[in-house]
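J.: Going from the sequence shown to my numbering is simple: count from 1 and add 562.
For every residue, glycine included, the Cβ atom is placed at its ideal position computed from N, Cα and C.
Just so you know, these numbers come straight off a predicted model, no measurement behind them.
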Amino acid sequence: GSGGTYFTLCLVLEELARVDSSVAITLEAGVSLGAMPIFRFGTEEQKKEWLPRLCSGEMLGAFGLTEPGGGSDAGATLTTAVLEDEHWVINGTKAFITNSGTDITGLVTVTAVTGKQADDRKEISAILVPSGTAGFTVSKKYSKVGWNASDTRELSFADCRVPAENLVGDRGRGYAQFLSILDEGRIAISALSVGLAQGCVDESVKYAGQRKAFGKPIGSYQAIAFKIADMETRAFTARMAYYRAAEKMLRGEPFKREAAMAKLYSSEIAVTNAREATQVHGGYGFMNEFPVARMWRDSKILEIGEGTSEVQRMLIARDLGL
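#1: Assuming PRO692 contacts GLY668 (C-beta within less than 8 Å), just tell me the rounded distance between them.
#2: Can you pull the DSSP bridge partners for VAL691?
#3: State the start and end residues of the unbroken alpha helix (DSSP H) segment that holds TRP612.
#4: Can you grab the Cα-Cα spacing for the pair VAL670 / GLY623, in whole Å?
#5: Within its chain, find whatever has a CB closer than 6 Å to the CB of PHE848; leave out the 5 residues flanking it on each side and keep chain order.
#6: Classify ASN850 as buried or exposed, calling it buried when 16 or more other Cβ atoms lie within 10 Å of its own Cβ.
#7: Would you kindly work out how many angstroms separate the C-alpha atoms of ILE749 and LYS810, rounded to a whole number?
#8: For GLY694, tell me which candidate among GLN772, THR664 and ARG813 has the shortest Cα-Cα distance.
#9: Mind checking which residues open and close the alpha helix (DSSP H) that includes ARG856?
#10: Should CYS762 and ALA839 be called a contact, given that it needs their Cβ atoms to be closer than 7 Å?
#11: With three or more beta-carbon pairs closer than 8 Å as the criterion, would you say the stretch 704-715 touches the stretch 724-731?
#12: Can you tell me which residues form a DSSP beta bridge with TRP650?
#13: Count the other CB atoms, across all protein chains shown, that sit within 10 Å of the CB of ILE666; report buried if there are 16 or more and exposed otherwise.
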């Protein structure tokens, strides 16, 4: 709402993810990846046309970067866009695109090769494609291990024509623009990861107080109590990491390293907490009717989406001058 900051978004994402991270990722991707490219780099006309509906929740936007043959190597884009008669003609395929096929999805901003730079490298630009455009096909939802409330699909473009003015930002700057968007998004996904990790603590504390073994609640035994104490410590530490990254971002200071560290640590401790919460619950943790089973399934993608753990380590090392 009015007066909110990116940090406000992070707090909301954390709280949503304490209950269901697949609902949280719908909001995170809708804001960080769907609306933010237009907000940061769009023309005034694009902002006026799309942002009111994206901000009100009437519409969702998607972010088309990943392709079937290239995940972490996002610069290896094969999708092309040729300027012809004042229209971009787009051909190619995008994979694992969140929010791309819901009933309220209104657009996807895609990266495409639009030519060559002076040094013979690919010129990659960002182009806005409204839903329902001829030549734009949205495949059926993927069958996923987790995040089942989140819409994820493959997109195909076959001579898909959109007006030249649908270019988002400067021609040839699409890849750089999306990298900066991903830096911000890493803070948001960190908040989501912390929420899942904290949700694991919440469920474990509740269960450990109710479940009895040998005549006492299992939480009274150090084996369980210390496990949950470690889970809480991990969630708290990860929260402080994304708070710091968000603080630097809002101050206008460089934050790439902090965002990468927050994303790396929070995603990995979310996986750890989900595993430990399942252990606390014993056999019940393996039953779908218990929330920790879903949290366990949902946690793994956090080490993969919006930059794998390996990519985060690469970014951190590079920022250290290595």
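T.: Looking at the atomic coordinates:
#1: To locate residue 692, count along the sequence shown from 1; it is residue 130. To locate residue 668, count along the sequence shown from 1; it is residue 106. Confirmed, about 7 Å.
#2: Counted from its first residue, the sequence shown places residue 691 at position 129. Paired residue(s): VAL670.
#3: Taking the first residue of the sequence shown as 1, we reach residue 612 at position 50. Residues 606-618.
#4: Numbered from 1 along the sequence shown, position 108 holds the residue referred to as residue 670. Numbered from 1 along the sequence shown, position 61 holds the residue referred to as residue 623. When rounded, the distance between both Cα atoms is 6 Å.
#5: On the sequence shown, position 286 is the one that residue 848 refers to. So the list is empty, once near-sequence residues are dropped.
#6: For the purposes of this step, residue 850 is identified with residue 288 of the sequence shown, where counting begins at 1. Exposed is the call here.
#7: In the sequence shown, the residue the question calls residue 749 occupies position 187. In the sequence shown, the residue the question calls residue 810 occupies position 248. ILE749 and LYS810: Cα-Cα distance of roughly 11 Å.
#8: Indexing the sequence shown from 1 puts residue 694 at position 132. Measuring from the Cα of GLY694, the nearest candidate turns out to be THR664.
#9: Taking the sequence shown and counting its residues from 1, one reaches residue 856 at position 294. From DSSP, the alpha helix (DSSP H) with ARG856 extends over 853-861.
#10: Here the question's residue 762 lines up with position 200 in the sequence shown. Here the question's residue 839 lines up with position 277 in the sequence shown. Going by C-beta atoms, CYS762 is nearer than 7 Å to ALA839.
#11: no
#12: Against the sequence shown, residue 650 aligns to sequence position 88. LEU645 and VAL724.
#13: Here residue 666 is taken as the residue at index 104 of the sequence shown, counted from 1. With fewer than 16 Cβ atoms within 10 Å of its Cβ, ILE666 is classed as exposed.
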